[in-house]
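Undergrad: Let me give you the structure first, and then I'll get to my questions.
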């Protein structure tokens, strides 16, 4: 039997999780991306639109499409940032707050059920592995950004 690579296990698992979240979001007339955006917006202070992309790991073009759709559905509103005349803060509307709670409940349920299947030792090992992978990547231990000349 061929050995499964780490990146394959990560990708296949994330695709399963994303599919599950999208199927659940569909029941609420939404998508996983919208749910993730709702959870990424500070429910009290709003969030600068420029910080949402990096926070969500999303390109500006994709994020702007999602925000536009969320605004049209009455989930968010954009207001000028009082601390930065050029910036915009994204706030959740009362409807957005309600849908944020739905999204949060879905995520908490997933975590609850998975945690019930794992021992503390397994869960700690999982988080240690994830932390190590992120550290190896962020420290550029796999591929260095070296320019080569031929």
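Residue numbers (the numbering used here): 154 to 303. Glycine is no exception: its CB is placed at the ideal position from the N, C-alpha and C atoms.
Based on the DSSP secondary-structure assignment, which residues constitute the bridge partners of residue 286?
TA: Residue numbering aside, residue 286 sits at position 133 when the chain shown is read from its first letter. Answer by DSSP bridge pairing: none, since residue 286 is not bridged.
Undergrad: So, using beta-carbon positions, are residue 245 and residue 234 closer together than 7 angstroms?
TA: Against the chain shown, residue 245 aligns to sequence position 92. Against the chain shown, residue 234 aligns to sequence position 81. Contact: no.
Undergrad: Should residue 216 and residue 249 be called a contact, given that it needs their Cβ atoms to be closer than 7 angstroms?
TA: One-based indexing of the chain shown puts residue 216 at position 63. One-based indexing of the chain shown puts residue 249 at position 96. Not in contact: residue 216 and residue 249 (Cβ atoms no closer than 7 angstroms).
Undergrad: Per DSSP, what kind of secondary structure is residue 261 in: helix, strand or coil?
TA: Locating residue 261 in the chain shown gives position 108, counting from the first residue. Of the three classes helix, strand and coil, the one that applies to residue 261 here is helix, per DSSP.
Undergrad: Rounded C-beta distance between residue 205 and residue 190? I'm assuming under 8 angstroms.
TA: Stepping through the chain shown from its first residue, residue 205 is reached at position 52. Stepping through the chain shown from its first residue, residue 190 is reached at position 37. Confirmed, Cβ separation roughly 7 angstroms.
Undergrad: Please tell me whether residue 176 and residue 259 are closer than 7 angstroms, where the distance is taken between their beta carbons.
TA: For this step, residue 176 is matched to residue 23 along the chain shown. For this step, residue 259 is matched to residue 106 along the chain shown. Their beta carbons are not under 7 angstroms apart, which means residue 176 does not touch residue 259 by this criterion.
Undergrad: Throw me the rounded Cβ distance for the residue 209 and residue 193 pair, which I believe falls under 8 angstroms.
TA: Indexing the chain shown from 1 puts residue 209 at position 56. Indexing the chain shown from 1 puts residue 193 at position 40. Rounded, the Cβ-Cβ distance is 5 angstroms, consistent with contact.
Undergrad: Measuring only the C-alpha atoms, how far is residue 255 from residue 195?
TA: Along the chain shown, one-based indexing puts residue 255 at 102. Along the chain shown, one-based indexing puts residue 195 at 42. In a straight line, the C-alpha of residue 255 is about 15 angstroms away from that of residue 195.
Undergrad: With H, G and I counted as helix, E and B as strand and the rest as coil, what does DSSP make of residue 238?
TA: What you label residue 238 is simply residue 85 of the chain shown in a count that begins at 1. It is a strand residue.
Undergrad: Could you compute how far the alpha carbon of residue 158 sits from the alpha carbon of residue 236?
TA: As a position in the chain shown, residue 158 is number 5, starting the count at 1. As a position in the chain shown, residue 236 is number 83, starting the count at 1. Their Cα atoms are separated by approximately 47 angstroms.
Undergrad: Tell whether a beta-carbon distance below 7 angstroms holds between residue 240 and residue 201.
TA: Counting from one through the chain shown, the residue named residue 240 turns up at place 87. Counting from one through the chain shown, the residue named residue 201 turns up at place 48. A contact, by the Cβ cut-off of 7 angstroms.
Undergrad: Within the region 157-237, note down every full beta strand (DSSP E) run reaching 3 residues or more, in order along the chain.
TA: Complete beta strand (DSSP E) runs here, min 3: 229-234.
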